[in-house]
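The structure under discussion appears below in the form of structure tokens.
Number of protein chains: 2
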Amino acid sequence: MHVLITGASGMIGQRLTARLAREGTCNDRPISRLTLTDVVAPPKPAGFAGPIEIRTEDAGDPAVAEALAALRPDIIFHLAAIISGEAERDFDKGYRINLDGIRNLLEAIRQEGIHNGPYVPKLVFSSSSGIFGAPFPASISDEFHVTPLTSYGAQKAIGELLLADYSRRGFVEGVGVRFPSIVIRPGKPNASAGGFFSGIIREPLQGLEALLPVEDSVLFTHASPRSAVGFLIHAAGLSREQLGPRINLSMPGVCVTVGEQIEALRRIAGERAVKLIRRAPDKAASDIVKGWPTRFDAARATALGFKAEKDFDEIIRIHIEDDLGGHLPN
Amino acid sequence: MHVLITGASGMIGQRLTARLAREGTCNDRPISRLTLTDVVAPPKPAGFAGPIEIRTEDAGDPAVAEALAALRPDIIFHLAAIISGEAERDFDKGYRINLDGIRNLLEAIRQEGIHNGPYVPKLVFSSSSGIFGAPFPASISDEFHVTPLTSYGAQKAIGELLLADYSRRGFVEGVGVRFPSIVIRPGKPNASAGGFFSGIIREPLQGLEALLPVEDSVLFTHASPRSAVGFLIHAAGLSREQLGPRINLSMPGVCVTVGEQIEALRRIAGERAVKLIRRAPDKAASDIVKGWPTRFDAARATALGFKAEKDFDEIIRIHIEDDLGGHLPN
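Protein sequences appear in the order of chains A and B. Read the first sequence against the UniProt record's numbering and you will find it ends at 330, with the numbers running on by one and no gaps. Read the second sequence against the UniProt record's numbering and you will find it ends at 330, with the numbers running on by one and no gaps.
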């Protein structure tokens with residue numbers, strides 16, 4: 001089985017690649033070949049026996065989509081995307097990568113099937129809870145409408161619609177995975193509005209101060225990077241019959257307040273860590289976060305077997321295992 | 001004020017044009033100039049004092065969108081579309097006209113504003129209840145999700161998302177009008193799956209037999225062509241503040257069963273007309289209709305002042321007034 005990953009250099013892309021390479025299977029089906037592509041060269045994963053092709057190219061280029069479809073991969077994980085903040089700053093780039101990227105890929109797959117014989121790959125598309133826009137009900141059901149308040153959210157919502165229509169027409173077997181907030185992101189603090197959700201855990205665990213720009217009562221739904229990878233792999237194993245026509249699914253997660261995140265940190269790393277969180281209220285950041293969805297029902301995804309962590313303690317422990325070598329630095 | 005209508009040769013386009021030309025205003029604002037475009041030349045409306053430009057061109061061509069935006073119309077009614085059945089038969093044409101058509105137009109408007117000075121027209125987009133897909137709740141609320149089961153529905157849903165994002169970014173003042181079933185359509189019976197909703201009234205009123213392929217219990221939401229025109233004009237008069245960020249609206253209508261349609265016909269044209277309806281059950285037609293949305297809540301549109309008929313009798317009377325010269329033919 002040939003697996004293609006676009007956006008393979010991203011945080012999720014690298015972890016997905018590493019897991020598939022290490023296990024050599026995807027949902028118990030052996031992987032014979034890996035193709036990795038991104039705008040910056042993805043690192044070559046360890047432990048994979050078969051051939052690995054590393055490609056450096058632009059996900060918004062129709063010729064790239066054609067070349068990828070011509071490889072006729074059996075499973076495609078389409079993770080290539082411009083993040084929310086960048087899509088908002090650079091309108092053209094956001095539409096080119098986030099909308100034209102998936103559309104070109106879908107059309108290239110269809111044309112490959114038309115011109116070179118039947119070809120209907122599994123296509124797993126990384127979508128986002130950003131397809132939803134405030135105001136929200138107490139819990140967002142699987143039947144809540146899609147009214148994004150960012151260009152990123154609009155682009156992902158359009159990608160979902162294209163994926164569903166191309167799937168319905170039999171050109172591809174699509175499944176859209178709407179990620180909740182994925183924490184704890186490794187690396188340094190960044191300027192993204194939601195960066196603090198990771199930062200208030202990541203920095204204190206390393207003995208560093210972290211700024212908290214919002215109130216402790218802010219509610220949000222999170223899953224670990226390990227769960228995100230699990231969502232993608234599980235999605236690739238679902239059949240057309242299991243999915244039915246509504247192929248885009250809100251993923252489960254751990255819904256907690258910032259205060260509850262901090263209590264989890266206290267249980268795992270003690271008062272000394274918690275003291276490193278400094279309240280620095282920022283109305284602008286607070287207002288952005290208020291536009292984001294808080295709690296998901298995710299009943300369909302749960303029924304289909306998607307699994308996230310049970311509580312935020314588990315998310316922190318996974319961060320320690322996967323990013324900190326299994327123990328606290330200090 | 002300069003008004004542009006795309007798809008001006010269609011049934012709704014011609015009636016919208018005729019009303020704007022006759023009244024010389026749109027929501028009490030004087031119209032100084034009319035531009036009408038379609039792939040077949042729109043007829044020149046009567047009674048308009050100002051200049052009328054008639055254009056024959058392809059709504060899917062980016063150069064056409066650029067040329068239209070360069071005219072800097074104040075209000076654009078974008079009605080150009082390939083109908084549902086054709087979009088399903090011709091996948092490429094559907095995407096080119098129904099998706100690229102609105103995207104090209106939005107982008108041409110944005111580029112016009114960037115290159116030739118501020119330009120933010122009002123853009124009224126004809127969408128459809130086809131953006132929804134079964135299974136449905138008893139009544140489809142304004143917050144029900146968008147899961148089209150046709151390519152036409154997917155294309156319209158994507159158009160809505162693009163319109164909302166371009167509006168949010170300030171490039172255009174968009175409003176999407178989701179039409180219910182529009183009846184009674186004039187003309188001859190056609191092969192469309194929902195054609196009988198008009199046919200079982202139109203033909204008997206003229207002393208002709210009409211086939212009814214579905215059961216009398218089938219429920220559907222209708223408005224007259226006169227209401228459809230009213231929706232578009234009312235939409236053009238709504239401010240950004242009235243609309244808020246959720247600019248795509250399900251229109252109100254008269255929700256009746258086929259049996260109730262027939263009872264309305266009996267009240268208006270008597271038993272002789274009703275006897276011309278011949279039951280001809282057709283499982284294929286029946287199955288298609290079962291996938292269509294039945295009843296809408298349309299609370300937001302109603303609160304914003306959109307109005308449809310009160311009952312199906314009124315829809316029949318409007319057909320007699322607007323299409324049959326005000327009296328029954330026989």
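Note that CB positions come from ideal geometry on N, CA and C, so glycine has one too. Here the structure is a predicted model, which means the values were calculated and not measured.
In chain order, which continuous runs of the alpha helix (DSSP H) of length 4 or greater are located wholly inside the stretch 233-298 of chain B?
240-243, 258-274 and 283-290, all fully within the stretch 233-298 of chain B.
With distances taken between CB atoms, is the gap from E88 of chain B to S151 of chain B smaller than 8 Å?
Against a cut-off of 8 Å, the Cβ pair of S151 of chain B and E88 of chain B comes out as a contact.
Helix, strand or coil: which one does DSSP assign to K307 of chain B?
Here K307 of chain B sits in coil by DSSP.
Check this for me: beta carbons of A298 of chain B and S224 of chain B, under 8 Å apart or not?
Contact: no.
Can the beta-carbon of P213 of chain A be found closer than 8 Å to that of S139 of chain A?
Result no, Cβ atoms of P213 of chain A and S139 of chain A do not sit closer than 8 Å.
In this structure, what does DSSP give as the bridge partners for D38 of chain A?
D38 of chain A pairs with A:T56.
I'd like to know if the stretch 44-54 of chain B and the stretch 83-98 of chain B are in contact, where contact means that at least 3 CB-CB pairs between them fall below 8 Å.
No: fewer than three Cβ pairs fall under 8 Å.
In chain B, which residues lie less than 7 Å from T146 of chain A when you measure between Cβ atoms?
In the sequence under discussion, the amino acid at residue 146 of chain A is Val, which differs from the Thr named in the question. Per Cβ cutoff of 7 Å: H145 and V146.
Grab me the residues of R267 of chain B's own chain with a C-beta within less than 8 Å of its C-beta, minus the 5 sequence neighbours each way, in chain order.
Hits under 8 Å: D313.
What residues in its chain sit with their C-beta under 7 Å from that of V172 of chain B, if we drop five residues either side in the sequence?
Here the set comprises L106, I109, V120, P121, L123 and Y166.
Going along the chain, which residues of its own chain have a beta-carbon closer than 8 Å to the beta-carbon of F91 of chain B, five neighbours each way excluded?
Hits under 8 Å: S151.
What residues match up with A70 of chain A in a beta bridge as DSSP calls it?
None, per the DSSP bridge assignment.
The alpha helix (DSSP H) with A154 of chain B in it runs from where to where?
Element bounds for A154 of chain B: S151 to R168.
Which value, in whole angstroms, describes the spacing of the CA atoms of I320 of chain A and P329 of chain A?
Those two C-alpha atoms are separated by around 9 Å.
Throw me the rounded Cβ distance for the L149 of chain A and G291 of chain A pair, which I believe falls under 8 Å.
With 8 Å as the limit, L149 of chain A and G291 of chain A qualify as a contact, their Cβ atoms being about 5 Å apart.
Looking at the secondary structure, which residues open and close the alpha helix (DSSP H) in which F91 of chain B lies?
Start and end: F91 to G94.
Rounded to the nearest angstrom, what separates I97 of chain A and I201 of chain B at their Cα positions?
Roughly 50 Å separates the two Cα atoms.
What do you get for K283 of chain B, buried or exposed, if any count of 16 or more other CB atoms within 10 angstroms of its CB means buried?
K283 of chain B is exposed by the Cβ-count criterion.
Pair every Cβ in the stretch 215-233 of chain A with every Cβ in the stretch 12-21 of chain A, then say whether three or more of these pairs are closer than 8 Å.
A contact exists between the stretch 215-233 of chain A and the stretch 12-21 of chain A.
Determine whether the Cβ of P245 of chain B lies closer than 8 Å to any Cβ atom of chain A.
Yes, because at least one Cβ of chain A sits closer than 8 Å to the Cβ of P245 of chain B.
Are the C-beta atoms of A280 of chain A and some chain B residue less than 8 Å apart?
So, not an interface residue.
Roughly how many angstroms separate the alpha carbons of F220 of chain B and V218 of chain A, rounded to a whole number?
Roughly 43 Å separates the two Cα atoms.
First and last residue of the beta strand (DSSP E) that includes E215 of chain A?
Run containing E215 of chain A: none; DSSP gives neither H nor E here.
Using a C-beta cutoff of 8 Å, does G133 of chain A count as contacting chain B?
Closer than 8 Å: yes.
Can you say whether T25 of chain A is buried or exposed, counting buried as having 16 or more other CB atoms within 10 angstroms of its CB?
By the neighbour-count rule (16 or more Cβ atoms within 10 Å), T25 of chain A is not buried but exposed.
With the cut-off set at 8 Å, would you say F296 of chain B and G253 of chain B are in Cβ contact?
Taking 8 Å as the Cβ cut-off, F296 of chain B and G253 of chain B qualify as a contacting pair.
For P73 of chain B, does the count of other Cβ atoms within 10 angstroms reach 16, so buried, or fall short, so exposed?
P73 of chain B is buried by the Cβ-count criterion.
Run down chain B in chain order and give the residues with a C-beta less than 8 Å from the C-beta of L123 of chain A.
Within chain B, no residue comes near L123 of chain A; the closest Cβ sits about 16 Å away, beyond 8 Å.
Measuring only the C-alpha atoms, how far is residue 344 of chain A from H145 of chain B?
Absent from the structure is residue 344 of chain A, since the part of chain A shown begins at 1 and ends at 330.
At a Cβ threshold of 8 Å, is L106 of chain B touching chain A?
So no, L106 of chain B is outside the interface.
Examine chain A for any beta-carbon lying closer than 8 Å to the beta-carbon of A69 of chain B, and answer yes or no.
With 8 Å as the cut-off, A69 of chain B does not count as an interface residue toward chain A.
Can you tell me which residues form a DSSP beta bridge with E173 of chain B?
DSSP lists B:K122 as partners of E173 of chain B.
Taking 8 Å as the CB-CB limit, is F91 of chain B close to chain A?
So, interface residue.
So is A164 of chain B in contact with chain A if we call contact Cβ pairs under 8 Å?
Yes - at least one Cβ of chain A is within 8 Å of the one on A164 of chain B.
Looking at chain B, is there any beta carbon in it that lies within less than 8 Å of the beta carbon of S151 of chain A?
Yes - at least one Cβ of chain B is within 8 Å of the one on S151 of chain A.
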